[in-house]
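Heads up: the structure comes next, in structure tokens.
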Amino acid sequence: MECNRDSAEEFAISAKKSIAKGNLLKAKQLAENANRLFPKQYYKDLITEIDDLLKNGDQLRQRSTVNSNKPSSSASTSKSNDSKKNIENVKSILNENDFYKILKVSKDCSTKDLKVAYRKLALEYHPDKNKTVGASEAFKKIGNAYGVLSTPDKRKQYDLVGPEYDQNNNRQNQHYQYYESAMSPDDVFSAFFGGNFHFNQNGNVRTRHFTFGGNQFRQPNRNNVEQQQMEALCEASVLKEINV
């Protein structure tokens with residue numbers, strides 16, 4: 001009997017050490033062994049204590065899982081604010097007739113300013129990337145504005161007549177032609193970015209296939225980080241072209 005008592009005490013000591021290490025299942029097993037060898041209220045209380053710890057641990061894990069699966073209020077608010085901002089920005093462009101204001105540049109802006117402004121807005125409102133209602137029409141207005149202002153003679157005539165020109169006049173009117181680019185917005189975009197720059201279904205940037213000497217090369221899809229790198233390279237190429 002004394003032997004059982006000593007062994008039970010050793011099991012109890014080991015159980016406490018396991019509790020301290022966070023190994024509750026092992027601690028419970030050791031405590032139960034102690035109580036079997038030498039039944040004692042102390043060992044029963046130890047088992048109850050371990051059961052409580054195990055129960056509380058399960059509740060904490062469940063609570064943690066629920067919280068991790070539940071979108072945070074700040075994240076939901078941020079997403080909602082972004083959506084509202086996109087809608088407001090699209091409406092602002094659709095309600096604006098001044099080409100300079102559409103591109104967010106001054107009337108005395110340089111060719112470089114126009115290119116930088118168009119590049120930023122075209123990427124932001126491209127319908128393959130921006131799914132906001134009206135983004136496609138905003139993209140068209142941005143492309144048309146750039147197409148007109150980037151053509152010297154059209155820009156000169158536009159500056160003379162101004163955005164208040166009655167666009168409801170007959171399209172055969174000699175002035176109306178200055179309010180439309182010679183190219184479609186998609187053509188303007190392709191010409192500006194070299195024709196090999198577009199978005200996949202996820203809104204990420206990727207390039208098309210190229211064939212050289214019968215060998216086909218394909219550049220891989222871009223993730224968000226690579227998209228930013230691609231946009232930076234595009235901007236660098238635009239600035240290089242401007243400075244030549």
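At position 153 of the sequence shown the residue is numbered 153 (UniProt numbering), and the sequence of numbers has no breaks. C-beta: ideal position from N, C-alpha, C; glycine also. Computed from a prediction, not measured in an experiment: that's the story for all the values here.
Per DSSP, what kind of secondary structure is residue i in: helix, strand or coil?
{"i": "Gly-22", "result": "coil"}
{"i": "Ser-150", "result": "coil"}
{"i": "Phe-38", "result": "coil"}
{"i": "Val-90", "result": "helix"}
{"i": "Thr-132", "result": "coil"}
{"i": "Gly-162", "result": "coil"}
Is the CB-CB distance between residue i and residue j below 9 Å?
{"i": "Ala-20", "j": "Tyr-42", "result": "no"}
{"i": "Val-90", "j": "Ala-138", "result": "yes"}
{"i": "Ile-50", "j": "Lys-85", "result": "no"}
{"i": "Leu-37", "j": "Ala-15", "result": "no"}
{"i": "Ile-142", "j": "Tyr-158", "result": "no"}
{"i": "Ser-92", "j": "Tyr-100", "result": "no"}
Which whole-angstrom value describes the C-beta separation of residue i and residue j, a residue pair presumed to lie in contact below a C-beta threshold of 8 Å?
{"i": "Thr-132", "j": "Ile-102", "result": "That pair is no contact at about 16 Å."}
{"i": "Lys-44", "j": "Asn-35", "result": "6 Å"}
{"i": "Pro-152", "j": "Asn-97", "result": "So it is not a contact: roughly 21 Å between Cβ atoms."}
{"i": "Tyr-146", "j": "Leu-114", "result": "6 Å"}
Residue i: buried (16+ other C-beta within 10 angstroms of its C-beta) or exposed?
{"i": "Asn-130", "result": "buried"}
{"i": "Ser-18", "result": "buried"}
{"i": "Asn-144", "result": "buried"}
{"i": "Asp-46", "result": "It is worth fixing the name first, because residue 46 is Leu in this sequence and not Asp. So Leu-46 ends up on the buried side."}
{"i": "Leu-149", "result": "buried"}
{"i": "Lys-156", "result": "exposed"}
{"i": "Arg-119", "result": "buried"}
{"i": "Lys-140", "result": "buried"}
Of all the alpha helix (DSSP H) runs that stay within the bounds of the stretch 92-129, which reach a length of 4 or more residues?
Here the runs fully enclosed are 99-103, 111-125.
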